[in-house]
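Novice: Protein sequences appear in the order of chains A and B. Using the numbering used here, read the first sequence as starting at 1 and increasing by one per residue. Using the numbering used here, read the second sequence as starting at 1001 and increasing by one per residue.
Protein chains: 2
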Amino acid sequence: MTKLQITVDIVLFTILERQLHVLLIRRLAEPFRGSYALPGGFVLENESVDEAAHRELQEETRVEKVFLEQLYTYGEPNRDPRGRVITVAYYALVANSHILRSSTDAADAAWFSLDKLPPVAFDHQSIIEYAQQRLRNKLDYSNVGFELLPEKFTLTELQLVHEAILGANLDKRNFRRKILQQGIVEPSKEWQKTGRKPAQLYRFVD
Amino acid sequence: MTKLQITVDIVLFTILERQLHVLLIRRLAEPFRGSYALPGGFVLENESVDEAAHRELQEETRVEKVFLEQLYTYGEPNRDPRGRVITVAYYALVANSHILRSSTDAADAAWFSLDKLPPVAFDHQSIIEYAQQRLRNKLDYSNVGFELLPEKFTLTELQLVHEAILGANLDKRNFRRKILQQGIVEPSKEWQKTGRKPAQLYRFVD
DNA sequence: TGACAAAGTGTCAAATGAACACTATATTAG
DNA sequence: CTAATATAGTGTTCATTTGACACTTTGTCA
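#1: Measure from the alpha carbon of Arg26(A) to the alpha carbon of each residue in Gly40(A), Leu20(A), Ile15(A) and Pro81(A), then state which is nearest.
#2: Answer with yes or no whether the minimum CB distance from Gln1070(B) to chain A is below 9 angstroms.
#3: What whole-angstrom Cβ distance do Asn96(A) and Ile15(A) have, given they're in contact under 8 angstroms?
#4: Assign Val1161(B) to buried or exposed, taking buried as 16 or more other Cβ atoms, counted over all protein chains shown, within 10 Å of its Cβ.
#5: With DSSP as the reference, label Ile1010(B) as helix, strand or coil.
#6: Extract the residue ranges of the alpha helix (DSSP H) inside the region 1141-1178 of chain B, only unbroken runs of 4 or more that lie entirely within it.
#7: Identify the residues that DSSP records as bridge partners of Gln5(A): which are they?
#8: Give the secondary structure of Ser126(A) by DSSP, where H, G and I count as helix, E and B as strand, and everything else as coil.
#9: In three-state terms, what does DSSP make of Ala131(A)?
#10: Using 9 angstroms as the limit for Cβ to Cβ distance, is Val1043(B) near chain A?
#11: What residues from chain B crowd round Ile10(A), counting only those whose CB sits closer than 7 angstroms?
#12: State the DSSP-derived secondary structure class of Leu1057(B), mapped to helix, strand or coil.
#13: Let me see if you follow: with CB-CB separation under 9 angstroms, is Glu76(A) close to chain B or not?
#14: Please return the same chain residues whose Cβ sits closer than 8 angstroms to the Cβ of Glu47(A), not counting the five positions on each side in sequence.
#15: Which value, in whole angstroms, describes the spacing of the CA atoms of Asp206(A) and Asn143(A)?
#16: Below 9 angstroms between beta carbons: does that hold for Val1066(B) and Ala1092(B)?
#17: On a Cα-Cα basis, can you pick out the residue from Thr7(A), Tyr141(A), Leu23(A) and Arg79(A) that is closest to Glu45(A)?
#18: Please compile the residues from chain B whose C-beta is within a distance smaller than 7 angstroms of the C-beta of Thr73(A).
#19: Can a CB atom of chain A be found closer than 9 angstroms to the CB of Asn1046(B)?
#20: In chain B, which residues lie less than 7 angstroms from Leu4(A) when you measure between Cβ atoms?
#21: Any beta-carbon of chain A closer than 9 angstroms to the one on Arg1084(B)?
#22: Have a look at Glu64(A), Thr87(A) and Asn78(A) and flag the residue whose alpha-carbon is nearest the alpha-carbon of Leu71(A).
#23: When the Cα of Arg33(A) is compared with those of Lys3(A), Pro81(A), Leu4(A) and Pro77(A), which residue comes out closest?
#24: Just how far apart, CA to CA, sit Val94(A) and Glu151(A)?
#25: I want to see whether chain B comes within less than 9 angstroms of Asp105(A), judged by CB atoms only; does it?
#26: To the nearest angstrom, how far is it from the Cα of His1124(B) to the Cα of Leu1024(B)?
#27: For Thr1154(B), tell me which candidate among Val1049(B), Ile1127(B) and Glu1190(B) has the shortest Cα-Cα distance.
#28: When burial is assigned at 16 or more other CB atoms within 10 Å of the CB, is Ala89(A) buried or exposed?
#29: Mind checking Ala53(A): buried by the 16 CB within 10 Å criterion, or exposed?
#30: Is there a Cβ from chain B that is less than 9 angstroms from the Cβ of Ala92(A)?
#31: Since Arg1136(B) and Ile1165(B) are thought to touch, with beta carbons under 8 angstroms apart, how far apart are those beta carbons, to the nearest angstrom?
#32: What distance in whole Å lies between the Cβ atoms of Val49(A) and Thr1073(B), which are believed to be in contact at a cut-off of 8 angstroms?
#33: Can you tell me whether DSSP reads Leu1038(B) as helix, strand or coil?
#34: Give a yes or no on whether 9 angstroms exceeds the smallest Cβ distance from Ala52(A) to chain B.
#35: Considering only C-alpha positions, which residue in the set Pro31(A), Glu17(A), Leu38(A) and Asp171(A) is nearest to Leu129(A)?
#36: State the start and end residues of the unbroken beta strand (DSSP E) segment that holds Arg26(A).
Next up, the structure:
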């Protein structure tokens, strides 16, 4: 009888080059050695599952305040060839300005665009797909888009985030009207001076 | 070091007397002996977590085709005084016409209205609350209401289900218009003859 | 046969959502 | 220096959806 183990796996999203990307780590050990997998690890004896997810996430990112939400628990008996491993999947969002830890800068971790994923280990492919679907749904009824941006951002940047998540183009005027009349952003006094015409920087409120 | 164990717990909903009810089981053993808890049990060695949930559910109900969906995984280290027990919570919906197994008819299991819950064991109170919230949300964007009704039902019965879940009264004409123009029900040729004026029976399609 | 209980039905106003194109302004290249 | 360019920013109209609102029909039961 093999020992039952619980892991957490994290689908960490960011926006790069206007596209939604996921962090994957190259596996150094069997099984699936050499292929990519979601970052994650075992839940320790005296920590909650949520704490384990936070801990694993902070081994990858430097920032404290990362959006992290439980996604789904995958419990097929043969999903891991090593034995009975049930995993609680989470998804997380970081602004691309947030720098990853040096361990992550190494060759063993990399960001992948969602339409150019390499083969991934275990059932991680379907975990990633489900995380993407959840994120899309969540965008409709919440302000989750801000989690992928720095503190100050232009409305165009916010629109690009929404477009990257939804995989569709949005009308600029309709988008700005909707966001502004929701009252969830306020203009800062700063302007972004890169590019051609300067754009006003906004900040998330509430 | 205590052994890690995984359980499933099921929030089984039905409608009784126009109110949403939950099935609870009186605990015969310590801890929380004598108080009520959600039906559930351990995930066995060679079954998936989903299979465990189905199995536990069918120990309570006679029907095969019960709506069952994973809810959330609760993994606080001290949520069970006996040791490290992580539970994957599910919620399920049955029509009240579906009869429970005889084991459930016994005094150890009973339906409770959600606003008259007895004290419940472990963290089951918050699991129940979260299940109710999820069900409410789901009603907005899906046809989950039919799962609480028999195959044929009147539009008034469907409206009562929605009202029970939402905890609010709905306008009869607006409700009927919305349901009918969604095209998710079709009239059968039967009429319900109980009560005063007969009502047309509908059936869920698709 | 009259009272009752539940079924069934339509309109209008307000809010929301979708389509659509031009002007303003700083930068950069010639 | 000035013309070309790239991006910021801005309103209106129409269609659809949503929400409020009350009376008639019909079978049952007293």
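All residues carry an ideal CB built from backbone N, CA and C; glycine is no exception. Predicted model only: the values in this text are computed from it and were never measured.
Specialist: Inspection of the coordinates gives the following:
#1: Residue Gly40(A) holds the alpha-carbon nearest to the alpha-carbon of Arg26(A) among Gly40(A), Leu20(A), Ile15(A) and Pro81(A).
#2: Gln1070(B) counts as touching chain A.
#3: Asn96(A) to Ile15(A), Cβ: 6 angstroms. Contact.
#4: A residue is called buried once 16 or more other Cβ atoms fall within 10 Å of its Cβ, and Val1161(B) is buried on that count.
#5: In the structure shown, Ile1010(B) sits in a strand (DSSP, three-state: E or B).
#6: For the region 1141-1178 of chain B, whole alpha helix (DSSP H) runs of length 4 or above, ordered along the chain, are 1155-1166.
#7: For Gln5(A), which the question treats as bridged, DSSP gives the partners Val85(A).
#8: Residue state for Ser126(A) is assigned as helix, using DSSP reduced to three classes.
#9: Three-state result, Ala131(A): helix.
#10: Closer than 9 angstroms: yes.
#11: The contacting residues do not exist; Ile10(A) stays about 14 angstroms from chain B at best.
#12: In the three-state DSSP reduction, Leu1057(B) falls in the helix class (H, G or I).
#13: It does; some Cβ of chain B falls within 9 angstroms.
#14: Excluding positions up to five away in sequence, the list reads Arg55.
#15: Distance between the alpha carbons of Asp206(A) and Asn143(A): 10 angstroms.
#16: Using a Cβ distance threshold of 9 angstroms, Val1066(B) and Ala1092(B) count as a contacting pair.
#17: Glu45(A) has its Cα closest to that of Thr7(A), out of Thr7(A), Tyr141(A), Leu23(A) and Arg79(A).
#18: Those are Val1049, Gln1070, Thr1073 and Val1088, listed as they occur along chain B.
#19: Yes, contact with chain A.
#20: The contacting residues are Leu1004 and Ile1006.
#21: Cβ-Cβ to chain A under 9 angstroms: yes for Arg1084(B).
#22: Considering only Glu64(A), Thr87(A) and Asn78(A), the residue with the shortest C-alpha distance to Leu71(A) is Thr87(A).
#23: When each option's Cα is compared against that of Arg33(A), the closest is Pro81(A).
#24: Rounded to the nearest whole angstrom, the CA to CA distance from Val94(A) to Glu151(A) is 12 angstroms.
#25: Here Asp105(A) scores only 48 on pLDDT, less than 50, and its place in the model should not be relied on; the value that follows carries that caveat. At least 9 angstroms separates the CB of Asp105(A) from every CB of chain B.
#26: Here the C-alpha atom of His1124(B) lies approximately 10 angstroms from the C-alpha atom of Leu1024(B).
#27: It is Glu1190(B) whose Cα lies nearest to the Cα of Thr1154(B).
#28: When all chains shown are included, Ala89(A) counts as buried.
#29: Buried is the call here.
#30: Not an interface residue.
#31: The Cβ separation is near 6 angstroms, so the contact holds.
#32: Right, their Cβ atoms sit about 6 angstroms apart.
#33: Here Leu1038(B) carries a coil assignment [DSSP, helix/strand/coil].
#34: At least one chain B Cβ lies under 9 angstroms of Ala52(A).
#35: This sequence places Glu at residue 129(A); Leu is not what is there. Of the listed residues, the one whose Cα sits closest to Glu129(A) is Leu38(A).
#36: Following the DSSP letters along the chain, one finds Arg26(A) inside the beta strand (DSSP E) bounded by residues Gln19 to Arg26.
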